[in-house]
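Sequential numbering of the sequence shown, starting at 10, is according to the working numbering.
Here is the structure we will look at.
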Amino acid sequence: MHIHFDQLGYKLFQNLKRSTCQCIVLIYYNLDQVSFGKFRNNFIAHSPVMRAYGNGEFVGMAKDICCVEGVFPKNQNVGLLTFDHPDEATKCIESKPELREPHHYGGKDLFIIPLCSPAQSWPGYRFIQLDIYEPKNSTVFTKYMNILVPIVTRHGGHVIAGTTQSGHFMGARRPSFFFLVQWRIRDAFFVCNAEVTPLQRESGASCTSRILFELDTQHFAWC
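Below, the structure written as structure tokens:
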């Protein structure tokens with residue numbers, strides 16, 4: 010892990026050590042404003058633009074979201090993009106009104122998440138765990154993360170992000186820490202979660218939301 014300090018020298022929360030420059034763009038969108046298909050079609054239509062910026066790709070959208078900790082609004086869904094570098098992701102989104110302006114696709118929140126490890130094949134690892142934390146104590150949270158990562162790995166999870174350094178592009182939320190894991194098998198996540206949850210609560214690590222979803226990667230257009 011890397012320790013970061015603010016301008017006054019106070020220790021901030023640790024980020025998992027990075028071995029890649031890749032990033033994921035998480036787009037929370039409102040199902041009351043735009044259909045599943047319209048959101049998909051908007052990003053498929055802009056695939057050539059995204060490829061021109063750091064091999065950007067529309068990876069897919071969440072389906073069958075299961076919230077096991079905290080809350081996740083029922084009228085929201087999540088879309089995922091990938092880029093070779095966070096700077097390229099930012100340039101791409103800023104380049105087109107259809108990507109930059111949320112009313113085109115019902116966007117509510119958009120975060121650019123630097124990865125700590127390269128993502129594995131999405132069809133193979135099609136289940137995504139997304140945790141959002143609001144830790145209060147950096148020392149306690151660091152101890153929790155040092156325990157969490159080996160447990161997740163032992164159960165077959167592939168940790169791809171653990172960071173405070175998310176780029177915020179739209180929305181009112183400012184989450185403190187994102188933790189993302191890819192899973193091959195849905196049940197493996199639930200076995201792992203049963204072991205992790207008591208440790209998380211004992212440590213006081215405040216998890217405002219933990220969701221698991223299957224990534225829908227079918228790139229056909231529909232409305």
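Think of the CB as a built atom: it goes at the ideal place given N, C-alpha and C, for glycine as much as any other residue.
Here the structure is a predicted model, which is why all the values come from computation and not from measurement.
According to DSSP, residues forming a beta bridge with residue i
i, result
"threonine 148", "Its beta-bridge partners do not exist; DSSP assigns none."
"leucine 242", "For residue 242 there is no data in the structure shown, the boundaries of the chain being 10 and 232."
"leucine 224", "Ala71"
"glutamate 78", "Arg219"
"tyrosine 142", "Phe186 and Cys216"
"threonine 172", "Phe187"
"proline 123", "Cys32"
"phenylalanine 136", "Trp192 and Glu223"
"glycine 116", "Tyr38"
"histidine 167", "Gln191"
Residue environment, residue i, which counts as buried when at least 16 other CB atoms sit within 10 Å
i, result
"valine 200", "exposed"
"glutamine 191", "buried"
"glycine 213", "exposed"
"isoleucine 102", "buried"
"histidine 164", "buried"
"serine 175", "buried"
"proline 159", "exposed"
"arginine 210", "exposed"
"glutamate 110", "exposed"
"valine 80", "exposed"
"glycine 171", "buried"
"alanine 128", "buried"
"isoleucine 53", "exposed"
"asparagine 155", "exposed"
"alanine 203", "exposed"
"isoleucine 141", "buried"
"threonine 148", "exposed"
"arginine 49", "buried"
Spatial neighbours of residue i in its chain, beta-carbon cut-off 6 angstroms, leaving aside the 5 residues before and after
i, result
"proline 95", "Cys32, Ile121, Pro123 and Gly176"
"asparagine 64", "Asp93"
"proline 106", "none"
"tyrosine 19", "Note that tyrosine 19 scores a pLDDT of 34, beneath 50, so its modelled location is shaky and nothing firm can be said."
"threonine 151", "Gln23"
"leucine 139", "Leu189 and Ile220"
"glutamate 97", "Tyr62 and Gly63"
Close-in-space but distant-in-sequence residues of the same chain around residue i (CB under 8 angstroms, 5 per side omitted)
i, result
"lysine 145", "Gly213 and Ser215"
"tyrosine 134", "Ala128, His167, Gln191, Trp192 and Arg193"
"cysteine 76", "Ser218, Arg219 and Ile220"
Beta-carbon proximity list for residue i, same chain, < 7 angstroms, skipping 5 on both sides
i, result
"histidine 55", "Lys105, Glu107 and Leu108"
"lysine 100", "Tyr62"
"isoleucine 43", "Sequence inspection shows valine at residue 43; the isoleucine mentioned does not correspond to that position. Counting only Cβ-Cβ distances below 7 angstroms, and skipping sequence neighbours, we find Tyr114 and Gly115."
"phenylalanine 67", "Phe52, Ile53, Ser56, Met59 and Leu90"
Can you confirm whether the region 30 to 40 touches the region 112 to 122 when touching is taken to mean that 3 or more C-beta pairs between the two stretches lie within less than 8 angstroms? yes
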